[in-house]
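Take any residue in the sequence shown, count from 1 to its spot, add 1: that is its number in our numbering. Beta carbons are placed, not taken as given, at the ideal position from N, Cα and C, and that holds for glycine.
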Amino acid sequence: EVLPGDPEVWKTALKAEHVDKEDTQAVANSVVRHVTTTLARQAANLDDIAAYQATALSVKDQLLKRWNETTTYHTKHAPKRVYYFSIEWLMGRSLDNAVLNLDMRNTYETATQKLGFNFEDLLNEERDAALGNGGLGRLAACYIDSMATLNLPGWGYGLRYSYGIFKQLISNTGEQLEAPDPWLDRENPWEIARIDVSYPIRFYGRVESIPNTSRAIWSGGTECLAVAYDVPVPGFATKNTANLRLWASRPIQGFDLNSFNAGNYEASVQSSSDAENITRVLYPNDNMYAGKELRLKQQYLWCSASLQDILRRYQKLDLSWEQLPDYVVIQMNDTHPTISIVELMRILIDEEEVPYDVAWKITTKVFAYTNHTVLPEALEKWPLPLFENLLPRHLQLIYQINLNFLNDVAKRFPGDMDRIRRMSIIEEGTPKFVRMAHLAIVGSFKVNGVAELHSQLLQSTIFRDFVEFKGRDSFTNVTNGITPRRWLLQCNPRLAQLITDTLGSEHWLVHLKQIAQLLPMADNAQFRAAFREIKNENKTRLAEVLASELNIQVDIDSVFTCQIKRLHEYKRQTLNIFGVILRYLQIKKATPEERKKFVKHTAIFAGKAAPGYYIAKLVIRLIVNVSKIVNNDPDVGHLLRVVFIPDYSVSVAEVLVPAADVSVQISTAGTEASGTSNMKLGLNGALLLGTVDGANIEIAEDVGEENAFLFGHLAADVDAVRYANSYNPTPLAERSPELAEVFKAIEANTFGDGHIYEPLLKPIYDNDYYLVSNDFGSYLAAERLVDELWRDQEEWTKKSIRTAFSMGDFTSDRSIQDYADSIWSIEPDPVPEN
Ligand code: 8GP
2 EVLPGDPEVW KTALKAEHVD KEDTQAVANS VVRHVTTTLA RQAANLDDIA AYQATALSVK
62 DQLLKRWNET TTYHTKHAPK RVYYFSIEWL MGRSLDNAVL NLDMRNTYET ATQKLGFNFE
122 DLLNEERDAA LGNGGLGRLA ACYIDSMATL NLPGWGYGLR YSYGIFKQLI SNTGEQLEAP
182 DPWLDRENPW EIARIDVSYP IRFYGRVESI PNTSRAIWSG GTECLAVAYD VPVPGFATKN
242 TANLRLWASR PIQGFDLNSF NAGNYEASVQ SSSDAENITR VLYPNDNMYA GKELRLKQQY
302 LWCSASLQDI LRRYQKLDLS WEQLPDYVVI QMNDTHPTIS IVELMRILID EEEVPYDVAW
362 KITTKVFAYT NHTVLPEALE KWPLPLFENL LPRHLQLIYQ INLNFLNDVA KRFPGDMDRI
422 RRMSIIEEGT PKFVRMAHLA IVGSFKVNGV AELHSQLLQS TIFRDFVEFK GRDSFTNVTN
482 GITPRRWLLQ CNPRLAQLIT DTLGSEHWLV HLKQIAQLLP MADNAQFRAA FREIKNENKT
542 RLAEVLASEL NIQVDIDSVF TCQIKRLHEY KRQTLNIFGV ILRYLQIKKA TPEERKKFVK
602 HTAIFAGKAA PGYYIAKLVI RLIVNVSKIV NNDPDVGHLL RVVFIPDYSV SVAEVLVPAA
662 DVSVQISTAG TEASGTSNMK LGLNGALLLG TVDGANIEIA EDVGEENAFL FGHLAADVDA
722 VRYANSYNPT PLAERSPELA EVFKAIEANT FGDGHIYEPL LKPIYDNDYY LVSNDFGSYL
782 AAERLVDELW RDQEEWTKKS IRTAFSMGDF TSDRSIQDYA DSIWSIEPDP VPEN
């Protein structure tokens with residue numbers, strides 16, 4: 002008699018299911034099977050959408066086999082695991098990435114061809130999974146790719162928003178409009194719903210202390226369920242497949258029993274839709290804190306469910322709670338998951354009856370915290386009344402944590418009341434606030450910034466007191482990175498092929514440092530020609546998109562400058578567009594003879610503004626309205642084009658990044674924690690035009706300053722300039738005559754009604770917090786160097802090659818290896834090949 006799950010029976014069955022990597026017929030069969038059974042469609046009425054869906058389902062089959070093997074192996078092996086908690090996962094599309102990582106791209110291309118489809122067309126049917134705003138969310142996506150590739154046992158945890166980042170539309174007057182992104186309307190072929198994996202989550206309610214213990218009973222309030230959805234994430238050229246577990250909120254029984262008993266049907270349905278609302282939408286703020294109760298509900302649901310899940314897995318090992326840190330490390334991607342520190346305390350103390358001090362010892366060995374910004378407006382602090390109402394037990398525990406912490410501070414720094422006030426987890430005032438960054442530091446064994454300068458600034462400014470208290474060793478740097486699989490192999494296949502052909506192998510894709518071996522090729526004319534030809538082909542592809550989608554004709558012989566990132570005052574898209582306006586004015590003034598001397602420019606912008614960020618939206622409006630005038634002015638001809646590409650996304654970036662000549666990274670020094678588009682653009686050969694900020698510094702160091710265009714005030718000088726700007730202001734024309742000329746042109750309605758831009762210009766006239774006027778002169782000087790170099794295409798290409806092949810350190814594989822070595826203490830655990 003055979004018992005369920007008999008290994009022999011399963012082995013045979015699985016073998017029959019095996020598809021060989023090169024077996025195009027077997028792959029075609031599996032696509033057809035999904036068309037006819039999963040999708041219940043016929044060959045006759047099969048469109049590209051359905052063909053994409055079936056292809057994706059067939060690929061998912063492959064992923065799930067590997068996922069199963071990974072999970073089974075790791076369950077048996079029980080290594081220490083890392084859990085990456087991120088409230089944003091900006092994954093983009095999955096199909097191309099998956100077939101590349103599985104080494105089955107050719108097979109799928111041929112198989113779908115056999116069925117009469119063009120694989121590229123199918124790839125374009127996929128909607129982006131856009132569950133993130135910008136850098137922070139895309140970083141998480143690169144990191145889980147690297148965790149899988151490096152065979153590190155780890156999972157990601159996040160939220161399955163029904164609506165990702167909004168779709169950006171641009172009106173006729175240049176205004177950003179936001180439309181919802183119902184990305185799950187077409188079924189998502191990449192996820193597996195785990196209705197059997199769900200946890201109850203409580204909000205509100207009351208707390209009863211249990212006398213003579215640290216324990217309490219939290220009851221009442223409302224409850225809902227967090228249900229797991231799993232997304233398999235393949236590593237490159239390995240069997241290891243990571244899991245991204247995303248939670249969706251659901252009503253606990255479909256309706257609220259109390260109101261059902263009362264016969265109040267409407268109210269019972271209402272409460273179920275309340276529960277579903279929690280994970281309905283991603284908050285569209287980047288580097289900006291909003292303080293909404295629903296957001297705190299999202300955070301708690303996500304953290305509580307993830308912890309319950311992790312602890313359930315741990316409990317199967319049958320070990321003591323004290324051993325938890327030997328098996329579990331949780332990396333917090335910014336402060337959004339900080340409540341999980343308190344939730345772990347609550348579970349250990351209230352539910353598992355672990356003594357308070359023991360629970361604290363365990364907890365503070367499990368968590369590590371990554372900070373992503375020093376901007377004060379981005380730091381999370383919850384109004385205490387809101388917090389207390391929603392999570393009363395957690396607030397009690399925070400008080401206890403704070404009390405113990407401040408006692409320790411007082412012991413170390415007796416009588417230093419000011420220090421205690423500065424460091425407290427609770428900010429005094431009306432109302433009081435819970436400072437999440439302080440809680441994150443107090444509850445973590447390691448805190449890191451995301452680039453050298455940023456980590457230094459953290460330690461010398463906003464976290465200085467904590468460094469003095471906890472010691473230097475608790476603080477470190479891990480410079481960000483990007484995955485070269487998506488950001489070179491996938492988005493720039495011809496350059497990837499050139500690298501592979503020249504190096505003679507594909508190893509560089511997992512050992513990116515190896516591309517430095519190609520640096521001497523900068524001096525090889527033939528290689529330069531090949532390299533330039535690829536860049537031009539990528540520019541042509543982009544030009545075709547711009548022509549067909551936006552009806553803008555661009556000259557591929559012009560220098561393509563790209564600033565592609567969220568709109569934010571500190572990122573200074575202003576400097577860029579003001580520079581474009583000045584160039585326009587200069588072209589207008591020039592004689593036909595003089596015009597011939599201009600270097601042709603195509604200024605490309607893309608990015609979203611937070612819906613409530615008025616000034617950022619005004620910058621978009623200015624860019625769009627400038628583009629309308631400039632692009633249609635016969636005096637300008639091909640000398641200047643301005644392009645704002647609407648609805649920036651991961652998949653749009655995959656077209657832009659390989660086509661860029663210049664990477665525009667011009668934040669006010671000291672404000673951009675790292676930046677990651679600087680890495681993507683650099684790896685694809687764009688020269689850096691940037692300030693001495695974030696990872697620009699490390700990039701310029703590696704590519705050599707002579708191969709980059711750095712400008713602007715240094716971080717160390719920014720405060721003094723700011724001070725002068727606001728307390729000792731000089732007229733704009735003195736700070737920058739060129740900028741004064743630009744403002745005059747805007748105010749003279751050159752780009753439509755000038756007065757609408759007053760809220761944008763006035764702060765720059767008045768106190769110029771972001772140093773736009775103070776840096777404009779050196780920005781223009783840097784642009785002149787760009788123009789000069791562009792005239793010598795051979796020299797330009799040399800620097801472009803040197804840039805690309807010096808980017809070896811900026812792979813997310815290096816970042817993740819850093820985390821594994823210096824923070825997580827975890828080892829690779831590759832699933833054996835059989
Ligand atoms: C971003 C930083 O602004 C960017 O420099 C960095 O490259 C990226 O994180 C990844 O580290 N920060 C945020 O997106 C951020 O701080 N968001 C706030 C809501 C926390």
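DSSP-derived helix/strand/coil call for residue i
i, result
"Met808", "coil"
"Phe256", "Here the model assigns Phe256 a pLDDT of 49, short of 50, so the residue's position is not dependable and the matter cannot be decided."
"Val329", "strand"
"Arg203", "strand"
"Cys143", "helix"
"Val60", "helix"
"Leu283", "coil"
"Leu91", "strand"
"Leu711", "strand"
"Ile747", "helix"
"Ala1", "Outside the shown range of the chain (2 to 835) lies residue 1, about which nothing can therefore be said."
Test item: CB-CB of residue i and residue j under 8 angstroms
i, j, result
"Lys799", "Ser668", "no"
"Arg42", "Ala51", "yes"
"Tyr85", "Gly155", "yes"
"Ser678", "Ile553", "no"
"Val443", "Thr371", "no"
"Gly695", "Leu454", "yes"
"Arg207", "Ser215", "no"
"Pro356", "Leu684", "no"
Residue i classed as buried or exposed, judged by whether at least 16 other C-beta atoms fall within 10 angstroms
i, result
"Asn119", "exposed"
"Asn493", "buried"
"Pro760", "exposed"
"Asn633", "exposed"
"Leu4", "exposed"
"Tyr728", "exposed"
"Ile700", "buried"
"Ile218", "exposed"
"Lys597", "exposed"
Alpha-carbon spacing of residue i relative to residue j, whole angstroms
i, j, result
"His19", "Leu513", "32 angstroms"
"Glu2", "Leu65", "29 angstroms"
"Glu480", "Tyr820", "Residue 480 is actually Thr in this sequence, not Glu. Looking at the two C-alpha atoms, the distance is approximately 10 angstroms."
"Phe256", "Phe467", "Residue confidence for Phe256 is low, a pLDDT of 49 falling below 50, so the modelled location carries little weight; the figure read from the coordinates is stated next. Cα to Cα, Phe256 sits roughly 47 angstroms from Phe467."
"Met131", "Arg139", "Inspection of the sequence shows that residue 131 is occupied by Ala rather than by Met. Cα to Cα, Ala131 sits roughly 9 angstroms from Arg139."
"Val546", "Val653", "10 angstroms"
"Asp703", "Leu519", "14 angstroms"
"Thr76", "Pro212", "40 angstroms"
"Arg246", "Pro612", "28 angstroms"
"Asp197", "Ser250", "14 angstroms"
"His639", "Leu551", "17 angstroms"
"Val10", "Ala17", "11 angstroms"
"Glu507", "Leu151", "16 angstroms"
"Pro829", "Thr280", "33 angstroms"
"Thr1", "Gly117", "Here the chain comprises residues numbered 2 to 835, so residue 1 is not present and cannot be evaluated."
"Glu673", "Leu733", "25 angstroms"
"Asp810", "Ile516", "10 angstroms"
"Asn775", "His714", "8 angstroms"
"Ala142", "Arg736", "42 angstroms"
"Val644", "Ala604", "6 angstroms"
Reference residue i, options the options, closest by Cα
i, options, result
"Asp21", "Ile145, Val60 and Leu619", "Val60"
"Pro432", "Asn405, Ser445, Lys382 and Leu404", "Lys382"
"Leu185", "Ile193, Phe470 and Leu178", "Ile193"
"Leu657", "Asn539, His602 and Glu748", "Asn539"
"Tyr315", "Lys81, Gly430, Ala687 and Gly136", "Lys81"
"Pro386", "Phe434, His373 and Tyr728", "Phe434"
"Ile837", "Phe446, Gly416, Gln397 and Lys412", "Past the edges of the chain, shown from 2 to 835, lies residue 837, and the structure says nothing about it."
"Val560", "Glu784, Ala523, Glu224 and Ser87", "Glu784"
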